[in-house]
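Comments concern the structure below.
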Amino acid sequence: MKNSLIILVIALCLSTFSVKAQSYDLPFVSHTPVHSVTQRNLGQVILDDGLYELTVEYQSNSTNYEIYTLEVRIKNDNITHIYFGNGGYVHNGWNNSGYTWTGGGIRWNVDYYGNIISGKAVIQLNYGNGRWQLFTIKF
Numbered sequence: 111m112k113n114s115l116i117i118l119v120i121a122l123c124l125s126t127f128s129v130k131a132q133s134y135d136l137p138f139v140s141h142t143p144v145h146s147v148t149q150r151n152l153g154q155v156i157l158d159d160g161l162y163e164l165t166v167e168y169q170s171n172s173t174n175y176e177i178y179t180l181e182v183r184i185k186n187d188n189i190t191h192i193y194f195g196n197g198g199y200v201h202n203g204w205n206n207s208g209y210t211w212t213g214g215g216i217r218w219n220v221d222y223y224g225n226i227i228s229g230k231a232v233i234q235l236n237y238g239n240g241r242w243q244l245f246t247i248k249f
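FYI, in this note's numbering the residues of the sequence shown are 111 to 249.
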């Protein structure tokens, strides 16, 4: 009974009050937003197709984080090949090496005015035995 009375009193109190929210524009405040967008969504290709020597961050489930300078093939702002110094390489598309290539598209970050400030591509290779490798390439 006591609980019912308390709930009734609270309900009556809440129903008698109304709150009106107002927003005020502050004319003295200036703000320029910075938006991160993918340039690829804008239908533009930024880099010429070809071979580039870039810094590649490497990580896998069996080794620590490593950084290498490797040759990377780019086509239509997509990483298609990563070449290792020992003559080996990985590539997108069909292969008989037992891995599946995921990712590779370069995501361009631009400022509010559309100027490119950075770019990044991430490639993950997954193997049938549960092994994986992650390559992060920053521009």
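For every residue, glycine included, the Cβ atom is placed at its ideal position computed from N, Cα and C. These figures come from a predicted structure and were not determined experimentally.
DSSP assignment within the stretch 162-231 yields the following whole beta strand (DSSP E) runs of 3 residues or more, N-terminal first: 176-185, 188-193, 199-201, 209-213, 217-220.
In the three-state reduction of the DSSP assignment, N239 falls in the coil class. Across the structure, F194 and Y222 are spaced so that their CA atoms are roughly 37 Å apart.
Assigned with DSSP and collapsed to three states, Q154 falls in coil, not helix or strand. If you draw a straight line from the Cα of V166 to the Cα of G238, it comes to about 24 Å.
DSSP, read as helix, strand or coil, puts F249 in coil. G229 and F249 do touch by the CB rule: their CB atoms are close to 4 Å apart, below 8 Å. By a beta-carbon distance limit of 8 Å, E163 does not contact T173. Their separation comes to about 22 Å.
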